[in-house]
Structures are given as C-alpha cells and as structure tokens.
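Engineer: Let me give you the structure first, and then I'll get to my questions.
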Amino acid sequence: MGKLYQFSQQPNVKYGERGSGFRPRGEIQDFEKIRDYCLQTGTLFEDQDFPAADSSIYFSRSCPGSIRWRRPSELCDEPRLFVEGATRFDVVQGELGDCWLLAAVANLTLNDALFYRVVPNDQSFVKDYAGVFHFRFWQYGRWVDIVVDDRLPTCGGKLVFMHSKHNNEFWSALLEKAYAKLHGSYEALKGGTACEAMEDFTGGVTELYELDKAPPNFYRILLKAFERWSLMSCSIEGDPNILEMEMDNGLIKGHAYSITKVKLVDVQTSRVKGKIPLLRVRNPWGNECEWKGAWSDRSQEWTLISPEEKETMGLRFASDGEFWISYKDFMENFQRVEICNLNPDSLDDEPLTKKSKKKWEMSMYEGSWIKNCTAGGCRNFIDTFWMNPQFRVELEDVDEDDDDDLCTVIVGLMQKNRRCNRKMGQECLTIGFAIYLLKSPDRLPKPLPKTFFQYNASIARSNTFINLREVSCRFKLPPGTYCIVPSTFDPAEEGDFVLRVFTEKKNIMTEYDEDIGITKPDAEVQVPETEEEKSKDDEVREFFANIAGEDLEVDCYELQEILDFALKKEFTFEGFSLDVCRSMVAMMDVDRSGKLGLEEFKNLWVDIRTWKNVFKKYDVDHSGSLNTIELRAALHSAGYRLNFHVLRALVLRYGKKGKITFDDFIQCAVKLKTMIETFQERDPRKTLKATFTLDEWVEKTMYS
1 MGKLYQFSQQ PNVKYGERGS GFRPRGEIQD FEKIRDYCLQ TGTLFEDQDF
51 PAADSSIYFS RSCPGSIRWR RPSELCDEPR LFVEGATRFD VVQGELGDCW
101 LLAAVANLTL NDALFYRVVP NDQSFVKDYA GVFHFRFWQY GRWVDIVVDD
151 RLPTCGGKLV FMHSKHNNEF WSALLEKAYA KLHGSYEALK GGTACEAMED
201 FTGGVTELYE LDKAPPNFYR ILLKAFERWS LMSCSIEGDP NILEMEMDNG
251 LIKGHAYSIT KVKLVDVQTS RVKGKIPLLR VRNPWGNECE WKGAWSDRSQ
301 EWTLISPEEK ETMGLRFASD GEFWISYKDF MENFQRVEIC NLNPDSLDDE
351 PLTKKSKKKW EMSMYEGSWI KNCTAGGCRN FIDTFWMNPQ FRVELEDVDE
401 DDDDDLCTVI VGLMQKNRRC NRKMGQECLT IGFAIYLLKS PDRLPKPLPK
451 TFFQYNASIA RSNTFINLRE VSCRFKLPPG TYCIVPSTFD PAEEGDFVLR
501 VFTEKKNIMT EYDEDIGITK PDAEVQVPET EEEKSKDDEV REFFANIAGE
551 DLEVDCYELQ EILDFALKKE FTFEGFSLDV CRSMVAMMDV DRSGKLGLEE
601 FKNLWVDIRT WKNVFKKYDV DHSGSLNTIE LRAALHSAGY RLNFHVLRAL
651 VLRYGKKGKI TFDDFIQCAV KLKTMIETFQ ERDPRKTLKA TFTLDEWVEK
701 TMYS
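Residue numbers (the UniProt record's numbering): 1 to 704.
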C-alpha cells in the first residue's frame, strides 16, 4: 500500500521513469540524451508529451484563435535564459490566474541553492541550444526532472502567461511551462495556494497561519523563518464578486504576495531610538500596485532611518510591486501567511546546510485509501474509522531549550495527483488526521481495533478536514508513543497520500500493523473430530480413490471434480475454477509432479474445510460472497496475519465491486499460504529476509 522512508537524500527520477508518477507517450525523457540527439541531427526538440496544442493550455474549453506557439528566437533577436541573473523582478504575471505560483517563484529567486536545484544551470540559448530545457520539482518524496521544448503561447507577438520584465529573458516562462506540464495543462494551474508551489520547489513542509489567530510571538516566528531561508507568502481574503480587487491602500484582495525580507530596523532620531519590526512584501504583478501607507515607497517614515541602515536593507524605490510595511500594519491588513520550512535533508547543496545549523528530522510514508479496504472515513464513522492506515511515532528526546520538556512535531498529510486529474473531474478530497497516545503500546493489538477508538479520544488532530492538497499542523507533545490516523472525511473515498512527520529531534515512525505470518486458525472454524465429520472425510477419500486411479494421484482437472463433489453438497456455489485448482495443486505439490498424492490431498482437505467454515461464518447474509471490508477479519480467523499492504493487494486482485466470492476467497487463502511458506522455507531463523535467484523466484511465483 505504500512505502516508509527515513532518509537523508531524496531520489531523482526522470519524467516517465518508474517512480516518477508519469507515463510518457514515447521513451523516458532524458534531457541530456534529447539534447545530444537534436544537436547531432540539427533539429530543435518538439515535445510530444506536452505538444504545442490547445490541450496543453485548456482542458475545459478551446483556445482563442489568436494564440500562437512561438520559440523565443521568433520573439526577439537574442533570447537568453537569464539576463543579469535571476531575480524576483523576472516574475511577472500573465493572463493565467496563478499568482500563487508566481509568489512562490519570486521567493525561490532569493536563494541560489534552492533556485538552481529547480532551474539547473546546465542549459542556455547560446551554448548547445537545441530547443530543449529541463526543470526539477519535488513530487511526493522524489525530485522529478521535467523536460520541455521552448515553444511558448503568444498573442500579438507577446507571451500570454508568466514572463520577465526583460523581453529577451525566458527562464520564468519556461519554468511555468514545465510546471504546467507537471500538472497536465496551463489551466490546471488556475487557483491554488503558494504553499503548494513552495513545497514543490523545496520538498519542505508548510504551515498556514490565520493572522487573527496568530500566536503572540508571531513576528519572532517570521524572523526566525526568514533567517532559516523559509519561503513565505501572504494574502488577503478575496471578494467573491470581484477578482483581485485593489483597495484604497494599494493592496489587492484575493491575491498572493511573497514576503521577501523580515527585519528589525534601527530608528535613531533626536527623540526616538529603538528597533521597528518591518517586512518587505512583493506583489508578483511587478507594477505600481503597492502599499500606500506608512513605510511605503518614499513615505516620510524613511527619514527616521540612517543612510547606512537603508543601504544594509537594500532599500530601493520603484514601481516594481515591492514595498515595506510595518508589522503592525501587516497584521491589520493581511489575513493569511504561509511558511514553507525548508528540509535541508532534501537538498545536497552545502551552502544552505552550513548557514542553517538546525534541520528537521523527517519520516515519510506513501499510502492509499482504497474503497472497501482502507478508506474508513473520519472518527464520525466509528464502524470503519479503524480501517484507515495507522502509523506509530515514537518521540524520545525533548526540544533543546524547551522549558516545558516537550517535542515539536509538524504533521503534514498531502493527497497526490489531484491537480493533474482535474480534467477528469477529480477535485481535492476533504482530508485530515488524528493523533492518539499509546500508553502501553506493546500490549495493544495491531492495528488498533474499533474498540480502542470507541474508548479513547485523540490528544491532537488537524485543525479541520479541508479539501486542500495538504493539511499540516504544528504540535508540542510530551515524549511518548503515538498513533497517527490519516483519513478522508467520508468513508469509501479513494486517493493516494503522503504522510510526513517533522521533528526537531529524531522520531521513529513505523506502520502500526501486524507482521505477516501464519498461526493456528480460530478454534471455532477448525473442523471438529466428530463421527459425522469422519464419515464425510471417508466419503471424499473414497471418491478421491475412484478418480485418482491406479497411481493414486490427481491433477488439477481431477481435483476440480473431487472438490465440487464434496462442497456443492454443503452450500450453493458455481464450483471451483480450474485456476483455483491449479493453485491448490501448486501449493501442495512438493515434488513438482503437477499432481497430488493421497497424503498431499488429505493435508489440502483440512485447509479447505477450515477456509470453508471461515467463509460461512463471515457470509452472514448467505449471499455466497463476503464484503471486502470483512476480508481482513476472515483471513485473521483462518490464521493469517497480514498488513495493509497485503490487504490492499488482495482486495484489488480478488475483490469485485466490494465483494469476494467463495472461489476467489479460497484462491486468496491458497496464494497467501503458498507465498508465506515459500518465504519461510528460505528464512528458517526468522530474520524476515530471504534470498532467491531470479530463476527460483520466477519459477516459484509462476507455478503458484
């Protein structure tokens, strides 16, 4: 169902490569190979995976007829990727409603180590130009390399979407195109939060603050975040009737700004001395729409600042969308701040790790909510809530300099691939999580059952269930063992997710689930040693002897006849398929003869009768099928111990519209027993590790 990570280096993958989350139309897209091929053949790259077509711009409507795709060389004489380097002033919004993305891109330019991770500097319009460029984005635990050609949407000879103030600079336009490809189209970028893009640029975790509920030390939080290279964005609630409305004070409602600096500024006059908390904020439009109040461009407050301090601040007055504002006015006028805390472990750039002495410890898990399997909904649905994936987190050491001996924990629950699936009608699910304290974890069942949640309240939870890509919260918890349960709000909603846990000190995160194995079946499903049962056994064995013939062995066809004879007498079903019978023969066929002898059949018959009793026990409505929700409990009763990974595989393989028939239940049980016993034969010391050659593995899996 997913993978658990505790690592210091997040992997890089190419677009279309296994693990990237994308399927290319042709081969895996490797930037260097594509560029070399184009240079050798004297051609310019044309990307068939994101073509110069209407579908790459809009998924809900057609493009205006005036849109033309042009290469930069067709728009200016000397196109360049960068003109005088990359700055926040190279990011100007076009016709697309993606100011959230622009705010994050502007922040990205403030840190070279981060910027050149996303925009590799091994490409240009001068050296080895072949019409191909590439960019890297963090996607759910991996850095994905996105290749694009340089054909860009234009109208009247000008770029339609993101562009630079220099008409011959194209890094920002190409970055936006690569990000659009990542999500399927330009239209898919309409509407979002800056934290989403900031996470995709850094692999960090974001926190969202509503300023009317901000903590008393919020300026200190902002200052420390700036000092540690965090990316920050702010916004004002929009008017539902007016898109991006400008107010009298110069600020724009419903618009994402980036915070580019946080500073305590020295004020020294004959009457006033001290430090004033200021923030530098940028409007990604990059025009004259700026704050008009105190500390705005050329306001009288700047006379209180010495020339030396102004130089230290990098003060400049221009109609460029950037302005200074006092912390007091900021808190009174803005309503929301998003902070992306960088994860140095996700970067391999030394300058950042040297300047930022402290770093987060991170554990990450990829998982899924599967209908009728692991999609239990929130705590309101107590009958199914326990079915959600569960994760155990151990906190051992308190934070440094924490007077209350507590641990800082940031939990981020992110749903995957919802933006790129918008064209298929998929919007974000409503998601959240709850955290439970495990007072005696070693004495609790795995996973936590329904009864645990009936009698234990969560000690922390996400602030709300909401339909955003990610829900994240910061907590202060005492050392101990906890269980995190991520879920959708309603049951039976399907989706993939990433769960990340950030702590100042090391955390130990594992799935809170059973170890895979086989034990004795429950006593109530075992076949009793009664005269009636012995009589049934004798009858079946006599029939076996008649079918087997002189060699006293049966193949899958003969086994099918024997089992149908025995079991159709007890309850109604269509009979065993030949495929199930082949699997049964493979399970018991020690000498690889393709047949079962009498002793092998007798052992198989014991298992079949047990599985039959289990099925009858859980088929409460006598419909001839089980609800897949009951599959785990049924297999547990049969003596199987399995986790969410295996359960998901079984439901997907053997379930049909939330049901599993008797025939498929038997095949499921046979397959489980065969694979577990095959592994255990190679792991006699129970190390949970076994070695197979490729030949052995293929032979065993194909035969079973």
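Idealized CB from N, CA, C, for every residue including glycine.
It should be emphasised that the depicted structure is a prediction, and the values quoted were computed from it without experimental measurement.
In this structure, what does DSSP give as the bridge partners for residue 367?
Structural biologist: Residue mapping note: residue 367 aligns to position 367 of the sequence shown, counting from 1. Looking at the DSSP assignment, residue 367 forms a beta bridge with 497.
Engineer: What whole-angstrom Cβ distance do residue 372 and residue 627 have, given they're in contact under 8 Å?
Structural biologist: Counting from 1 along the sequence shown, the entry for residue 372 is found at position 372. Counting from 1 along the sequence shown, the entry for residue 627 is found at position 627. Residue 372 to residue 627, Cβ: 7 Å. Contact.
Engineer: With H, G and I counted as helix, E and B as strand and the rest as coil, what does DSSP make of residue 356?
Structural biologist: On the sequence shown, residue 356 is found 356 positions in, with the first residue counted as 1. The pLDDT assigned to residue 356 is 47, lower than 50, so where the model puts this residue is not dependable; a value taken from the coordinates is nonetheless given after this. Correct three-state label for residue 356: coil.
Engineer: Taking DSSP as the reference, what is the three-state secondary structure of residue 341?
Structural biologist: Numbered from its first residue, the sequence shown carries residue 341 at position 341. Of the three classes helix, strand and coil, the one that applies to residue 341 here is strand, per DSSP.
Engineer: Could you give the C-beta distance for residue 714 and residue 157, rounded to a whole number, given that I count them as a contact under 8 Å?
Structural biologist: This structure cannot speak to residue 714, because the chain is shown only from 1 to 704.
Engineer: Whose CA, out of 672, 386, 514 and 391, lies closest to the CA of residue 455?
Structural biologist: Translated into the one-based positions of the sequence shown, residue 455 becomes position 455. Selected option, being the one with the closest Cα: 386.
Engineer: Look at the Cβ atom of residue 279, then the Cβ atom of residue 330, and state whether they are nearer than 8 Å.
Structural biologist: Taking the sequence shown and counting its residues from 1, one reaches residue 279 at position 279. Taking the sequence shown and counting its residues from 1, one reaches residue 330 at position 330. It is a contact, given that the beta carbons lie within the stated cut-off.
Engineer: Less than 8 Å between the CB atoms is what I'm expecting for residue 85 and residue 364, so what's the real figure, rounded?
Structural biologist: Along the sequence shown, read from residue 1 onward, the residue named residue 85 stands at position 85. Along the sequence shown, read from residue 1 onward, the residue named residue 364 stands at position 364. About 34 Å separates the two Cβ atoms, so there is no contact after all.
Engineer: Could you spell out where the beta strand (DSSP E) holding residue 324 opens and where it closes?
Structural biologist: Taking the first residue of the sequence shown as position 1, residue 324 is located at position 324. Per DSSP, residue 324 belongs to the beta strand (DSSP E) from 322-326.
Engineer: Using the C-alpha atoms, what's the distance from residue 359 back to residue 301?
Structural biologist: Within the sequence shown, residue 301 is the residue found at index 301, counting from 1. Within the sequence shown, residue 359 is the residue found at index 359, counting from 1. Distance between the alpha carbons of residue 301 and residue 359: 38 Å.
Engineer: Verify whether the separation of the beta carbon atoms of residue 394 and residue 481 is less than 8 Å.
Structural biologist: Taking the first residue of the sequence shown as position 1, residue 394 is located at position 394. Taking the first residue of the sequence shown as position 1, residue 481 is located at position 481. Yes. Within cutoff.
Engineer: Could you tell me which of 666, 590 and 524 sits nearest to residue 576, measuring between CA atoms?
Structural biologist: Position 576 of the sequence shown, counting from 1, holds the residue named residue 576. Nearest C-alpha to residue 576: 666.
Engineer: Classify residue 434 as helix, strand or coil using the three-state DSSP reduction.
Structural biologist: Position 434 of the sequence shown, counted from the start, is the residue given in the question as residue 434. In this structure, residue 434 counts as strand in the three-state DSSP scheme.
Engineer: Fully enclosed by the segment 62-134, which alpha helix (DSSP H) runs are 4 residues long or longer?
Structural biologist: Here the runs fully enclosed are 99-108 and 112-118.
Engineer: So what does DSSP say about residue 214, is it helix, strand or coil?
Structural biologist: Residue 214 sits at position 214 when you count from the first residue of the sequence shown. Three-state DSSP puts residue 214 in coil, outside helix and strand.
Engineer: If contact is defined by three or more beta carbon pairs under 8 Å, each pair taking one atom from either stretch, is the segment 153-173 in contact with the segment 32-46?
Structural biologist: The answer is no - the segment 153-173 does not touch the segment 32-46, with fewer than three Cβ pairs under 8 Å.
Engineer: Is residue 148 buried or exposed, if buried means 16 or more other CB atoms sit within 10 Å of its CB?
Structural biologist: In the sequence shown, the residue the question calls residue 148 occupies position 148. Classification for residue 148: buried.
Engineer: For residue 486, write down the residues that DSSP places opposite it in a beta bridge.
Structural biologist: Within the sequence shown, residue 486 is the residue found at index 486, counting from 1. 433.
Engineer: Please report the residue range of the alpha helix (DSSP H) in which residue 526 lies.
Structural biologist: Your numbering for residue 526 matches position 526 in the sequence shown. Where residue 526 is concerned, there is no enclosing alpha helix (DSSP H), given that its DSSP letter is neither H nor E.
Engineer: Where does residue 455 sit, in a helix, a strand or coil, going by DSSP?
Structural biologist: Locating residue 455 in the sequence shown gives position 455, counting from the first residue. Residue 455: helix per DSSP, three-state reduction.
Engineer: Tell me the residue span of the alpha helix (DSSP H) that contains residue 277.
Structural biologist: On the sequence shown, residue 277 is found 277 positions in, with the first residue counted as 1. First-last for residue 277: 273-282, but that is the beta strand (DSSP E), not the alpha helix (DSSP H).
Engineer: In the DSSP assignment, the alpha helix (DSSP H) including residue 315 goes from what residue to what residue?
Structural biologist: On the sequence shown, residue 315 is found 315 positions in, with the first residue counted as 1. Run containing residue 315: none; DSSP gives neither H nor E here.
Engineer: Helix, strand or coil for residue 502 per DSSP?
Structural biologist: Locating residue 502 in the sequence shown gives position 502, counting from the first residue. The answer is strand: DSSP assigns residue 502 an E or B state.
Engineer: Apart from the five residues just before and just after residue 134, which ones in its own chain have a Cβ nearer than 8 Å to its Cβ?
Structural biologist: Against the sequence shown, residue 134 aligns to sequence position 134. Closer than 8 Å at the Cβ level, and outside the excluded window around residue 134, lie 31, 120, 123, 145, 146, 147, 148 and 178.
Engineer: Check whether the Cβ atoms of residue 417 and residue 297 lie closer than 8 Å to each other.
Structural biologist: As a first step, residue 417 must be located in the sequence shown, where it is residue number 417. As a first step, residue 297 must be located in the sequence shown, where it is residue number 297. Not in contact: residue 417 and residue 297 (Cβ atoms no closer than 8 Å).
Engineer: Just tell me which of 695, 36, 670 and 483 has its CA closest to the CA of residue 128.
Structural biologist: Reading the sequence shown from its first residue, position 128 is the one you call residue 128. When only C-alpha atoms are compared, the closest one is 36.
Engineer: Three or more C-beta pairs under 8 Å: does that hold for the segment 519-531 against the segment 627-645?
Structural biologist: With a cut-off of 8 Å, the segment 627-645 and the segment 519-531 count as touching, because enough Cβ pairs lie within range.
Engineer: Measuring CA to CA, which of 370, 553, 662 and 375 is closest to residue 623?
Structural biologist: The sequence position of residue 623 within the sequence shown is 623, counting from 1. Ranking 370, 553, 662 and 375 by Cα distance to residue 623 puts 662 first.
Engineer: What is the C-beta distance between residue 132 and residue 502, in whole angstroms, given that I count them as a contact (C-beta under 8 Å)?
Structural biologist: As a first step, residue 132 is located in the sequence shown; it is residue number 132 there, counting from the start. As a first step, residue 502 is located in the sequence shown; it is residue number 502 there, counting from the start. Between residue 502 and residue 132 the Cβ distance is about 36 Å, and since that is not below 8 Å, they are no contact.
Engineer: Who are the near neighbours of residue 268 in its chain, counting only those whose CB is closer than 7 Å to its CB and skipping five residues on each side?
Structural biologist: The residue you call residue 268 lines up with position 268 of the sequence shown. So the list reads 306, once near-sequence residues are dropped.
Engineer: Would DSSP call residue 197 helix, strand or coil?
Structural biologist: As a working mapping, residue 197 is identified with position 197 in the sequence shown. Residue 197 falls in the helix class under three-state DSSP.
Engineer: Under DSSP, the alpha helix (DSSP H) around residue 676 begins and ends at which residues?
Structural biologist: On the sequence shown, position 676 is the one that residue 676 refers to. 662-681 is the extent of the alpha helix (DSSP H) around residue 676.
Engineer: For residue 193, I'd like the list of residues in its chain whose CB is within less than 6 Å of its CB, leaving aside the five on either flank, ordered along the chain.
Structural biologist: On the sequence shown, residue 193 is found 193 positions in, with the first residue counted as 1. Closer than 6 Å at Cβ, skipping near neighbours: 100.
Engineer: For the candidate residues 565, 614 and 287, whose alpha-carbon lies nearest to that of residue 94?
Structural biologist: In the sequence shown, residue 94 corresponds to position 94, counting from 1. The candidate whose alpha carbon is nearest that of residue 94 is 287.
Engineer: When DSSP builds the beta bridges, which residues end up paired with residue 510?
Structural biologist: Start at 1 with the first residue of the sequence shown, and residue 510 comes out as number 510. DSSP lists 392 as partners of residue 510.
Engineer: Which same chain residues end up closer than 6 Å to residue 223 when comparing Cβ atoms and leaving out the 5 residues on each side of it in sequence?
Structural biologist: Residue 223 sits at position 223 when you count from the first residue of the sequence shown. Around residue 223: 262.
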